[in-house]
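**Student:**
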Amino acid sequence: DARVTQTPRHKVTEMGQEVTMRCQPILGHNTVFWYRQTMMQGLELLAYFRNRAPLDDSGMPKDRFSAEMPDATLATLKIQPSEPRDSAVYFCASGPLPGVVEQFFGPGTRLTVL
Amino acid sequence: GENVEQHPSTLSVQEGDSAVIKCTYSDSASNYFPWYKQELGKRPQLIIDIRSNVGEKKDQRIAVTLNKTAKHFSLHITETQPEDSAVYFCAASNQGSQGNLIFGKGTKLSVKP
Chain D
193 DARVTQTPRH KVTEMGQEVT MRCQPILGHN TVFWYRQTMM QGLELLAYFR
243 NRAPLDDSGM PKDRFSAEMP DATLATLKIQ PSEPRDSAVY FCASGPLPGV
293 VEQFFGPGTR LTVL
Chain V
73 GENVEQHPST LSVQEGDSAV IKCTYSDSAS NYFPWYKQEL GKRPQLIIDI
123 RSNVGEKKDQ RIAVTLNKTA KHFSLHITET QPEDSAVYFC AASNQGSQGN
173 LIFGKGTKLS VKP
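Quick look at the structure:
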């Protein structure tokens, strides 16, 4: 049963610290999405990649957030410096083919910034 | 860009009753409309989807309808059960573009035994 995996599942950190979240998409999937989920804003798209190239990161605060896909099996989302308002659940999702938009979500990383 | 509105934000029904969740979208070019279910503390999972060349799709107790003219689509759950309690998200996408989904804000469905 192929699934998207994410690490860590939970992260508590102090304001100003760097946070790195990792995602392993389903093998063979070439599109990777990063979402942030909060009670107030729901599911917000932060960035996404196709064939490891960033397609859109307009949903991401550029001054502190960065997303990369160093290889086909790893996507990273980094926050530096972190702030309390970044506290949320961050989901990664992957999709199989261009134009096929069914997305498979990972379990999420619950981030708490104190 | 696309904007998806979802109503209601919360919905409470008695077990066995039907539940209906409605979404509207703004981009007439959108042609793919999935619904995701998210149980408490879990990941969103696709439960049903519909493409713009179809007006209705059914899968057991779940059905989705699409009105392209009015730009709205709905999720219908019949004979609700307590395990249907979850947050449901609608989304819209233009598969001809980059393929990203724009989600509604979600509906928290509670099914009371």
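Top to bottom, those sequences are chains D and V.
Take the first sequence: its letters are residues 193 to 306, numbered as in my numbering.
Take the second sequence: its letters are residues 73 to 185, numbered as in my numbering.
We put the CB at the ideal spot given by N, CA and C, even for glycine.
Keep in mind that this is a model prediction, so the values were computed, not measured.
Measure the CB-CB distance between Ala285/D and Tyr227/D and report whether it falls below 8 angstroms.
**Tutor:** yes
**Student:** Going along chain D in order, which residues have a C-beta closer than 7 angstroms to the C-beta of Phe161/V?
**Tutor:** Leu235
**Student:** Given that Gln295/D touches chain V, what residues does it touch there, using C-beta distances under 7 angstroms?
**Tutor:** Under the 7 angstroms cutoff, chain V gives Leu173.
**Student:** What is the DSSP secondary structure of Pro185/V, counted as helix, strand or coil?
**Tutor:** coil
**Student:** Could you spell out the range, first to last residue, of the beta strand (DSSP E) harbouring Ser84/V?
**Tutor:** Thr82 to Gln86
**Student:** Leaving out five residues before and five after Asn243/D in sequence, what residues of the same chain have Cβ atoms less than 7 angstroms from its Cβ?
**Tutor:** Asn222
**Student:** For a quick check, are the C-beta atoms of Ser146/V and Tyr104/V less than 8 angstroms apart?
**Tutor:** no
**Student:** Which residues in chain D have a C-beta closer than 7 angstroms to the C-beta of Leu118/V? List them in chain order.
**Tutor:** Glu294
**Student:** Using DSSP with H/G/I as helix, E/B as strand and the rest coil, what is Asp89/V?
**Tutor:** coil
**Student:** Taking Cβ to Cβ, would you say Glu108/V is nearer than 8 angstroms to Glu74/V?
**Tutor:** With the sequence shown as reference, residue 108/V is identified as Tyr, and Glu is not the correct amino acid for it. For Tyr108/V and Glu74/V, no; Cβs fall outside 8 angstroms.
**Student:** In the structure shown, what three-state DSSP assignment does Asp131/V receive?
**Tutor:** When secondary structure is reduced to three states using DSSP, Asp131/V falls in the strand class.
**Student:** Starting from Thr199/D, trace the beta strand (DSSP E) both ways and give me its first and last residue.
**Tutor:** Looking at the DSSP string, the run of the beta strand (DSSP E) that includes Thr199/D is Thr197 to Thr199.
**Student:** Pairing CB atoms from the region 107 to 123 of chain V with CB atoms from the region 133 to 148 of chain V, are three or more of them under 8 angstroms?
**Tutor:** yes
**Student:** Could you check whether Ala259/D and Asp249/D sit closer than 8 angstroms to each other, using their CB atoms as the reference points?
**Tutor:** yes
**Student:** Could you tell me the distance, in whole angstroms, from the CA atom of Val85/V to the CA atom of Val76/V?
**Tutor:** 24 angstroms
**Student:** Using 10 angstroms around the beta-carbon of Arg115/V, count the other beta-carbons present and answer buried if the total reaches 16, otherwise exposed.
**Tutor:** buried
**Student:** Where does the unbroken beta strand (DSSP E) through Lys270/D begin, and where does it stop?
**Tutor:** Leu266 to Ile271
**Student:** Please report how far the alpha carbon of Asp131/V lies from the alpha carbon of Glu151/V, in whole angstroms.
**Tutor:** 13 angstroms
**Student:** Under 7 angstroms, CB to CB, which of the residues in the region 196 to 220 of chain D have a partner in chain V?
**Tutor:** none
**Student:** Please identify, using Cβ separations under 8 angstroms, the residues of the region 238 to 258 of chain D that lie next to chain V, in order along the chain.
**Tutor:** Tyr240, Arg242, Leu247 and Asp248
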